[in-house]
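*Asks:* What follows is a structure written as structure tokens; I'll ask about it next.
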Amino acid sequence: MRKSASDSCMKFPFAALLIFVSLLSTHAFASLGGDAASVDADVAQMRAGRSIEQAATYTVQQLNTDSGTTVREYVSFGGRVFAVSWQGSFVPDMQQLLGSYFDQYSAAVKANREAYRGRRPLDIQLPGLVVQMTGYARHFHFRAYIPQQVPAGAKLGDIR
Amino acid sequence: MRTNRLISRALAGFVIACAFGLLAACGGGSGGGTTKTQPPPGNNVATLTVNGGPAAGVDYADAAFTSVTVCVPGSSDCATVDGILVDTGSVGLRLLASAIPSLTLPQLSGSGSTTYYNCVNFVDGTYLWGPVAQGDIELAGEKVSSASLQLIENPTGFSVPTACSQGGMNLDTLSALGANGILGVGNYPQDCGSACQSSTSPDVYFTCGASGPCASSTITVARQVVNPVVGFTTDNNGVIIEMQSVDGEAATATGSMIFGIGTETNNALGSATIYPINSNGFFTTMFNSQALTESFIDSGSNGYFFPDASITQCADNSIAPGFYCPANPLNLSAQNQAQSGTENTVNFTADNAVNDFNNFSSDSAFANLAGPNGSSNCGGGSPCGFDWGLPFFFGRNVYVSIDGQSVPSGAPAAPWWAY
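Quick note, the sequences are listed as chains A and B, same order.
Going by numbering that gives the first Met the number 0, the first sequence opens with residue 0, and the numbers climb by one from there.
Going by numbering that gives the first Met the number 0, the second sequence opens with residue 0, and the numbers climb by one from there.
Encoded structure:
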């Protein structure tokens, strides 16, 4: 069901453009809900060490950040990032990762804690946004997805 | 119905206890009650109390608190602070600066005229920020000299860097934190380790000018916020959390935090079963025929948290948002994978948390609090774990061995859990 993207990357002719893009930013990744343009930038950057997996109705781009945290972006064939996830010891750039959903996430985290004093795994279930995080203060596993944009046939359990 | 049964039991206990004069305050809202055990004697024993915590108006359910004495290094200029949350899910001592107003601890200087700041992010999206300070830390009869700790303090003159806050909530007050500080006694010797010595990218340590700006910084392992236990002269290879059992609900519960594993007569490993953890700190729990490969034990989590889409969750606008609210209490079991590959069963109950909080509003110890965790479909590698929070500790002796430290003869190399 999955194949490496390295083969198709080799066919891409604009090596100079690729180097330029990777120099511009080695950290940028697409945002949740982002469009095809942000994905294109990532596809280019992917060649500098990213990997891609192909599922039946979407692609998964994986980026290994400098801190050792692994970020994954789930892109529908229509060019939408419908889910993002990460796991590792250190929190990646959440504003970049969640994009226009960042403020909604931030408000939900605060509402969560203010509603009840205590610590537990994060489980935000909003009509247009699901965010879950488990782990402890040395290793986290996070995922966020837009339920309405998950492609038909995609399994939620595969968003890892 | 269980609620009625519990109320009947509580009333019966109330009458009996009052008749025999066993309760100091018979007006308490105790439910099922607790089983009293004597703490083992020794200078390596700190007292733990589940009592709702130090914040006025906040009943912090299922959180164990202790006290700590902090001194200006090498001096008798000290402050003793209670209401410190004991957390096996993090590493290092973090104190509200507002809890030690009379004590001025030296802060760790960075290059130029900067000060080191520390950031810790928690699984619920909250974080703590503040300068790295140094102090002598005393817990029971144990002491570590000139240890790095975090002072939790909102900056004046600059903002918390977004590389720390990440959209989360700053627990910078007694009310928000529900504690005067957090004592992280998890499986690791420092809060970050070599990653923060070799790279700034973890964004755990920052150097900041007096009014900013802040920049992510490297820091040597020796100067990082440290698990105080590893700095003790003896009894420095781990801790044992021994909590009394709680039958349903109780106003309070007590226990002990014993320092060292197999180093004294009161901390032998005995017949406890060892549960090794992988490089990410997890072991596997089998639950509902699924392998939850990211499972962990965390005294700082205030419930059992596990994935089960079939259990009704409490309403967001209820008294217990984020917990499970089954119509009737559910008796459940799971299996933790031990050192030998054997699976050992843990039986537990998931109560209706709204009923618990409504019916036992004066209580702080709840044996059956439970809630969701991560994905409920674990086959595809999505975040899937069992978070064994404080209720798991009730009635157990839980051993936390620390990475890189010695272990008792015959035990596997640290880190691991045992109970």
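Glycine residues also receive a C-beta, built at the ideal position from the N, C-alpha and C atoms.
So is VAL119/B in contact with chain A if we call contact Cβ pairs under 8 Å?
*Replies:* By 1-based counting over the second sequence, the position of residue 119/B is 120. Cβ-Cβ to chain A under 8 Å: yes for VAL119/B.
*Asks:* Quickly, what does DSSP pair MET93/A with across the bridge? List them, please.
*Replies:* As a working mapping, residue 93/A is identified with position 94 in the first sequence. Beta-bridge partners of MET93/A (DSSP): none assigned.
*Asks:* Taking ALA271/B as the reference, give the member of PRO382/B, GLY373/B, GLY211/B and TRP416/B with the closest Cα.
*Replies:* Along the second sequence, read from residue 1 onward, the residue named residue 271/B stands at position 272. Taking only the C-alpha atoms, the option nearest ALA271/B is TRP416/B.
*Asks:* In its own chain, which residues sit with a C-beta less than 7 Å from the C-beta of GLY129/B, not counting the 5 before and 5 after it?
*Replies:* Residue 129/B sits at position 130 when you count from the first residue of the second sequence. ALA96, TYR116, ASN117, GLN149, LEU150, ILE151 and GLU152, listed in sequence order.
*Asks:* Using a Cβ-Cβ distance cut-off of 8 Å, determine whether ALA60/B contacts chain A.
*Replies:* Residue numbering aside, residue 60/B sits at position 61 when the second sequence is read from its first letter. Cβ-Cβ to chain A under 8 Å: yes for ALA60/B.
*Asks:* Using three-state DSSP, classify ASP81/B as helix, strand or coil.
*Replies:* Taking the first residue of the second sequence as 1, we reach residue 81/B at position 82. Correct three-state label for ASP81/B: strand.
*Asks:* Give the residues of chain B in contact with LEU155/A, contact being defined as C-beta atoms less than 9 Å apart.
*Replies:* Position 156 of the first sequence holds residue 155/A. In chain order: SER374, SER375, ASN376, GLY379 and SER381.
*Asks:* Under a Cβ-count criterion, where at least 16 other Cβ atoms within 10 Å of its own Cβ denotes burial, should LYS157/B be classed as buried or exposed?
*Replies:* Here residue 157/B refers to the residue found at position 158 of the second sequence. Sequence inspection shows Phe at residue 157/B; the Lys mentioned does not correspond to that position. Flag for PHE157/B reads exposed.
*Asks:* Determine, using beta carbons only, whether THR133/A comes closer than 8 Å to chain B.
*Replies:* For the purposes of this step, residue 133/A is identified with residue 134 of the first sequence, where counting begins at 1. With 8 Å as the cut-off, THR133/A counts as an interface residue toward chain B.
*Asks:* Please name the residue, chosen from PRO414/B, ASP362/B, SER164/B and ALA175/B, that lies closest to SER278/B on a Cα-to-Cα basis.
*Replies:* Within the second sequence, numbered from 1, the residue matching residue 278/B stands at position 279. Ranking the options by Cα distance to SER278/B, first place goes to PRO414/B.
*Asks:* Using three-state DSSP, classify CYS70/B as helix, strand or coil.
*Replies:* The residue you call residue 70/B lines up with position 71 of the second sequence. Secondary structure of CYS70/B (DSSP, three-state): strand.
*Asks:* Quick check: is the beta carbon of ALA55/A nearer than 8 Å to any beta carbon in chain B?
*Replies:* Residue mapping note: residue 55/A aligns to position 56 of the first sequence, counting from 1. No, because no Cβ of chain B sits closer than 8 Å to the Cβ of ALA55/A.
*Asks:* Counting only beta-carbon atoms, is SER300/B nearer than 8 Å to chain A?
*Replies:* Locating residue 300/B in the second sequence gives position 301, where the first residue counts as 1. Closer than 8 Å to some Cβ of chain A, the Cβ of SER300/B qualifies, so yes.
*Asks:* Could one say the Cβ of ASN279/B lies closer than 8 Å to chain A's Cβ atoms, at least one of them?
*Replies:* As a working mapping, residue 279/B is identified with position 280 in the second sequence. Output row for ASN279/B: interface = yes.
*Asks:* Give the DSSP bridge partners of ASP386/B, in chain order.
*Replies:* Taking the first residue of the second sequence as 1, we reach residue 386/B at position 387. Answer is PHE295/B and PHE304/B.
*Asks:* Give me the Cβ distance between ILE145/A and LEU128/A, rounded to the nearest whole Å; I'm assuming they're in contact under 8 Å.
*Replies:* Against the first sequence, residue 145/A aligns to sequence position 146. Against the first sequence, residue 128/A aligns to sequence position 129. Their Cβ separation, rounded to whole angstroms, is 6 Å, which keeps ILE145/A and LEU128/A in contact under 8 Å.
*Asks:* Let me confirm a value: VAL42/A is counted as buried when at least 16 other C-beta atoms fall within 10 Å, else exposed. Which label applies?
*Replies:* Here residue 42/A is taken as the residue at index 43 of the first sequence, counted from 1. Any answer about VAL42/A is weak, because its pLDDT of 47 lies below 50 and its placement is not dependable; what the coordinates show is given next. Per the 10 Å Cβ criterion, buried.
*Asks:* Under three-state DSSP, which class holds GLU263/B?
*Replies:* Mapped onto the second sequence, residue 263/B falls at position 264. Reduced to three states, the DSSP call for GLU263/B is coil.
*Asks:* Less than 8 Å between the C-beta atoms of ASN301/B and GLY117/A, yes or no?
*Replies:* The sequence position of residue 301/B within the second sequence is 302, counting from 1. The sequence position of residue 117/A within the first sequence is 118, counting from 1. Yes, they are a contact pair.
*Asks:* Can you tell me whether DSSP reads GLN289/B as helix, strand or coil?
*Replies:* The residue labelled residue 289/B in the question sits at position 290 within the second sequence. The answer is strand: DSSP assigns GLN289/B an E or B state.
*Asks:* Within 10 angstroms of the Cβ of SER375/B, are there 16 or more other Cβ atoms? Answer buried if so, exposed if not.
*Replies:* The residue you call residue 375/B lines up with position 376 of the second sequence. Label assigned to SER375/B: buried.
*Asks:* For ALA55/A, does the three-state DSSP call read helix, strand or coil?
*Replies:* For the purposes of this step, residue 55/A is taken as the residue at position 56 of the first sequence. Looking at ALA55/A - three-state DSSP - the assignment turns out to be coil, as it is neither helix nor strand.
*Asks:* Would you mind reading off the limits of the beta strand (DSSP E) that contains SER84/A?
*Replies:* Taking the first sequence and counting its residues from 1, one reaches residue 84/A at position 85. Where SER84/A is concerned, the enclosing beta strand (DSSP E) stretches over 80 to 87.
*Asks:* State buried or exposed for GLU113/A, treating a residue as buried only when at least 16 other CB atoms are found within 10 Å of its CB.
*Replies:* Here residue 113/A is taken as the residue at index 114 of the first sequence, counted from 1. With fewer than 16 Cβ atoms within 10 Å of its Cβ, GLU113/A is classed as exposed.
*Asks:* Of the residues VAL69/B, ASN330/B, ILE318/B and VAL345/B, which one's Cα is nearest the Cα of ASP355/B?
*Replies:* The residue labelled residue 355/B in the question sits at position 356 within the second sequence. Out of VAL69/B, ASN330/B, ILE318/B and VAL345/B, ILE318/B has the C-alpha closest to the C-alpha of ASP355/B.
*Asks:* When you compare the CB of SER105/A with every CB in chain B, is at least one pair closer than 8 Å?
*Replies:* Against the first sequence, residue 105/A aligns to sequence position 106. Chain B has a Cβ within less than 8 Å of the Cβ of SER105/A.
*Asks:* What three-state label does DSSP hand GLU137/B in the structure shown?
*Replies:* Along the second sequence, read from residue 1 onward, the residue named residue 137/B stands at position 138. Of the three classes helix, strand and coil, the one that applies to GLU137/B here is strand, per DSSP.
*Asks:* Under the three-state reduction of DSSP, which class applies to GLU113/A: helix, strand or coil?
*Replies:* Start at 1 with the first residue of the first sequence, and residue 113/A comes out as number 114. Of the three classes helix, strand and coil, the one that applies to GLU113/A here is helix, per DSSP.
*Asks:* So, does the region 221 to 233 of chain B touch the region 83 to 95 of chain A, judging by three or more C-beta pairs under 8 Å?
*Replies:* Using a C-beta cut-off of 8 Å, the region 221 to 233 of chain B makes no contact with the region 83 to 95 of chain A, since fewer than three inter-stretch Cβ pairs fall below that distance.
*Asks:* Along the alpha helix (DSSP H) that carries VAL353/B, what are the first and last residues, could you check?
*Replies:* The residue given as residue 353/B occupies position 354 in the second sequence. Taken as a continuous stretch (DSSP letters only), the alpha helix (DSSP H) holding VAL353/B covers 352 to 358.
*Asks:* Count Cβ pairs between the region 142 to 157 of chain A and the region 282 to 292 of chain B that sit closer than 8 Å; are there 3 or more?
*Replies:* No: the two stretches stay apart, fewer than three of their Cβ pairs being nearer than 8 Å.
*Asks:* Can a CB atom of chain A be found closer than 8 Å to the CB of VAL399/B?
*Replies:* By one-based count along the second sequence, residue 399/B stands at place 400. Chain A, which has no Cβ nearer than 8 Å to the Cβ of VAL399/B, makes this no.
*Asks:* Please list the residues of the region 119 to 145 of chain A that have a C-beta atom closer than 9 Å to any C-beta atom in chain B, keeping them in chain order.
*Replies:* So the list reads ARG119, PRO120, LEU121, ASP122, ILE123, GLN124, VAL130, GLN131, MET132, THR133, GLY134, TYR135, ALA136, ARG137, HIS138, PHE139, HIS140, PHE141 and ARG142, given in the order they occur along the chain.
*Asks:* Does PHE81/A have its Cβ less than 8 Å from a Cβ in chain B?
*Replies:* Against the first sequence, residue 81/A aligns to sequence position 82. No, PHE81/A lies away from the interface with chain B (no Cβ there is under 8 Å from its Cβ).
*Asks:* By how many angstroms is the C-alpha of CYS377/B removed from the C-alpha of GLN289/B?
*Replies:* Along the second sequence, one-based indexing puts residue 289/B at 290. Along the second sequence, one-based indexing puts residue 377/B at 378. Between GLN289/B and CYS377/B, the C-alpha separation is close to 7 Å.
*Asks:* Tell me the DSSP bridge mates of LEU127/B?
*Replies:* Taking the second sequence and counting its residues from 1, the one referred to as residue 127/B is at position 128. Residue pairing for LEU127/B: DSSP places it in a beta bridge opposite VAL119/B.
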